[in-house]
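One rule links them: number in the numbering used here = place in the sequence shown (from 1) + 1143.
Structure, as structure tokens:
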Amino acid sequence: MEQWTEYGNRISRYLRTETFPLAIKLFKSGEAIPAKLRKPRVRLGLCTMFNISRRTGESLWGTARDIYCFGPAILGMLD
């Protein structure tokens, strides 16, 4: 994990982006969700979740049922 943090720091330093770098982790069904991740109280679009994470640096999670757009299908979260 430290390696990914270092990559993110390098991206921020060299590109000087206005928002935080973004990564996506897909969890397997039944896999434990880390406590540091926050689940939004309302259904959001995937792009809205990305934007919140990019702007605030907060890590969000949701299931395919929590996301109301085609994002979950694109990421292979649906059968």
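Where is the CB? At the ideal position from N, CA and C, for every residue including glycine.
Small disclaimer: the values here were computed from a predicted structure and weren't measured.
Item: In three-state DSSP terms, what is ILE1176?; Value: coil
Item: Under the assumption that THR1255 contacts ARG1197 (Cβ atoms under 8 Å), give the Cβ distance between them as a whole number of angstroms.; Value: Residue 1255 lies beyond the residue range present for the chain, which begins at 1144 and ends at 1222; the question has no answer from this structure.
Item: How far does the alpha helix (DSSP H) with TYR1157 in it reach, from first residue to last?; Value: 1145-1158
Item: By a C-beta neighbour count over all protein chains shown, 10 Å radius and 16 as the cutoff for buried, is ILE1176 buried or exposed?; Value: exposed
Item: Assuming ILE1195 contacts GLU1201 (C-beta within less than 8 Å), just tell me the rounded distance between them.; Value: 6 Å
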